[in-house]
Amino acid sequence: MSVGQRRRILLAGGAVLTVPLFVLAQTDQRSARVAYLLQGDLAAAKHLVGAFKDEMTKRGWREGANVEYALREGLNDFGRLDALAAEVVAQRPDVIVVSTATVAQAARKHTSSIPIVFWVVPDPIAAGLVASLAKPGGNATGTTSRFEGIWGKRLQLMHQIIPSLRRVAFLYDPRDSQDTRSVQQVQLAGKELAIEVELFEVSRPEDFKASFSAIKNAKIGAVILGSPNMFFVHRKLLADLALEHGMPISHAVSEGAEAGALFSYSIILALLNRHAARYADRILKGAKPADLPVEQPSVIELVVNLKTAKALGLTIPGSILLRADRVIE
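So in my numbering the end of the sequence shown lands on 330, straight run, no missing numbers.
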């Protein structure tokens with residue numbers, strides 16, 4: 002029978018209660034323990050957690066029978082991620098599954114032995130997580146979310162939809178290391194297309210509205226959203242504000258187009274979670290992260306929201322509709 006790991010939770014009034022982090026499985030054999038740590042919040046990523054667990058089930062891991070999950074959320078509070086990672090590491094899970102580079106770095110800070118699987122890190126080498134994609138060499142491996150030229154393609158698609166586009170806003174979170182690396186790529190793509198890219202920083206959802214107002218007042222024609230987790234969590238709010246300000250936006254994930262962005266051109270997060278489950282499965286069966294090559298995405302999805310296009314008075318070119326993997330009407 003597995004030993005119940007414990008964590009401390011502060012209660013109202015300052016009292017402290019210790020509760021199990023991993024639930025005891027009703028079996029005489031010790032269950033595998035998998036910690037799943039998100040930078041954002043679990044409610045917004047429910048379908049991603051579901052994809053991860055579903056893939057684990059397909060590989061023989063049944064929750065409550067031979068595997069236990071500890072799901073933790075950072076709520077995009079960069080100040081608490083380090084403490085959260087330390088707490089998870091202290092419970093000694095068999096593998097830690099993390100989302101972003103920021104979370105992976107926080108986990109690596111506290112352990113060099115517990116296997117870490119990441120699933121949305123654009124450049125794991127630059128982030129200091131692996132020595133190379135072919136030979137990670139440490140306790141971390143996973144899937145890179147980097148796809149060469151993707152920012153240029155997003156800008157190109159926006160230009161094809163709005164041929165008169167000469168200025169575009171790039172909205173990003175300066176706190177997010179993987180988002181700041183995208184700035185140079187977007188600016189380079191803008192030069193190639195003769196489109197001026199203007200940078201707008203935002204670090205809180207409460208500031209989204211002011212950002213869109215500033216962009217509109219500057220008479221900028223469209224917005225390319227960066228890829229911080231905050232934009233994923235608040236994708237519906239961003240889409241609603243963009244529509245309110247009459248602003249076409251491109252979202253960095255498919256869920257953004259589903260929520261109302263004009264289009265998205267992106268990797269598929271649910272698929273990356275399934276890849277993460279395959280890594281976790283291999284590690285739980287004895288493989289070492291150091292020997293598991295980092296996987297690079299091979300599938301990119303274009304999602305176009307015709308409902309939003311109509312509301313903005315835009316006509317999507319037939320060539321784009323023919324290439325779209327999904328069209329939302």
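Glycine included, each C-beta is placed from N, C-alpha and C at the ideal position.
Check: Where L97 and G314 are concerned, what is the direct C-alpha to C-alpha distance, given to the nearest angstrom?
Finding: Before going further, note that residue 97 is Ile rather than Leu in the sequence given. Cα to Cα, I97 sits roughly 46 Å from G314.
Next item on the list: To the nearest angstrom, report how far apart G41 and Y280 are at their CA atoms.
Entry: 22 Å
Note to self: Between A108 and I163, how many whole angstroms is the CB-CB distance? I'm expecting something under 8 Å.
What the structure shows: Wrong, their Cβ atoms sit about 42 Å apart, outside the cutoff.
Checklist line | Selected residue, minimal CA-CA separation from R147, among I216, F53, V254, T316 | finding: V254
Check: If L200 sits next to F171, beta carbons under 8 Å apart, how far is it from one beta carbon to the other, in whole angstroms?
Finding: 5 Å
Checklist line | Contact under 8 Å by Cβ, A240 with G257 | finding: Going by C-beta atoms, A240 is nearer than 8 Å to G257.
Notebook entry, point to check: How is L72 classed by DSSP in three states: helix, strand or coil?
Noted result: Strand at L72.
Next item on the list: Please say whether L285 and A33 have beta carbons closer to each other than 8 Å?
Entry: The answer is yes: Cβ separation under 8 Å.
Notebook entry, point to check: Are the beta-carbon atoms of R73 and L85 separated by less than 8 Å?
Noted result: In this structure, L85 lies closer than 8 Å to R73 by Cβ.
Margin query: Are there any heavy atoms of the ligand FAD lying less than 7 Å away from the beta-carbon of P164, as far as the coordinates show?
Written below: Here there are no bound small molecules, and the ligand FAD is not part of this structure.
Check: Name the DSSP bridge partner or partners of S320?
Finding: Paired residues: none, contrary to the question.
Item checked: Cut-off 7 Å between Cβ atoms - residues of its own chain near A277, not counting five sequence neighbours on either side -> F53, V98, V118, W120, G143, T144
Notebook entry, point to check: Is the region 260 to 267 touching the region 300 to 313 in the sense that three or more CB pairs, one from each, lie closer than 8 Å?
Noted result: yes
Checklist line | Exposure label - A1; buried when at least 16 CB within 10 Å | finding: What the structure shows of the chain is the stretch from 2 to 330, and residue 1 is not part of that stretch, so it cannot be assessed.
Margin query: If contact is defined by three or more beta carbon pairs under 8 Å, each pair taking one atom from either stretch, is the region 184 to 193 in contact with the region 150 to 159?
Written below: Judged by Cβ distances under 8 Å, the region 150 to 159 makes contact with the region 184 to 193, as three or more pairs qualify.
Next item on the list: Just the C-alpha distance for I196 and G75, rounded to the nearest angstrom, thanks.
Entry: 36 Å
Note to self: If you reduce the DSSP assignment to three classes, tell me which class R63 lands in.
What the structure shows: coil
Item checked: Rounded straight-line distance, which links the Cα of P137 to that of P249 -> 40 Å
Notebook entry, point to check: On the three-state DSSP scale, how would you describe S178?
Noted result: Annotated three-state conformation of S178 is helix, per DSSP.
Notebook entry, point to check: When the Cα atoms are used, what is the spatial distance from A271 to L39?
Noted result: 14 Å
Item checked: Reference R205, options V198, P123, H235, closest by Cα -> Of the residues V198, P123, H235, the one whose Cα lies closest to the Cα of R205 is H235.
Next item on the list: Put A325 into one of helix, strand or coil per three-state DSSP.
Entry: coil
Next item on the list: Would you identify the three-state DSSP class for H246, choosing helix, strand or coil?
Entry: coil
Item checked: Where E193 falls: helix, strand or coil (DSSP) -> In the structure shown, E193 sits in a helix (DSSP, three-state: H, G or I).
Margin query: D177 and P331 - do their beta-carbons sit closer together than 8 Å?
Written below: The shown model of the chain, from 2 to 330, leaves out residue 331, and the question about it has no answer.
Next item on the list: Note down, in chain order, each residue of its chain lying with its Cβ closer than 8 Å to the Cβ of L49, except the 5 sequence neighbours on either side.
Entry: L270, A271, N274
Notebook entry, point to check: Could you give the distance in angstroms between the alpha-carbon of I329 and the alpha-carbon of Q297?
Noted result: 28 Å
Check: Under a three-way DSSP split, which group does A108 fall into?
Finding: helix
Next item on the list: Could you give the DSSP three-state label for E149: helix, strand or coil?
Entry: coil
Item checked: Burial state of R327, where buried means 16 or more other Cβ atoms lie within 10 Å -> exposed
Margin query: What would DSSP say about E296, mapped onto helix, strand or coil?
Written below: strand
Checklist line | Cutoff 8 Å; reference T103; Cβ partners in own chain excluding five residues on either side | finding: Q40, F79, L82, D177, S178, Q179
Next item on the list: Report the residue from L242, M231, G139 whose alpha carbon sits nearest the alpha carbon of A46.
Entry: Minimum Cα distance to A46 is reached at M231.
Note to self: Quick check on DSSP: helix, strand or coil for T101?
What the structure shows: coil
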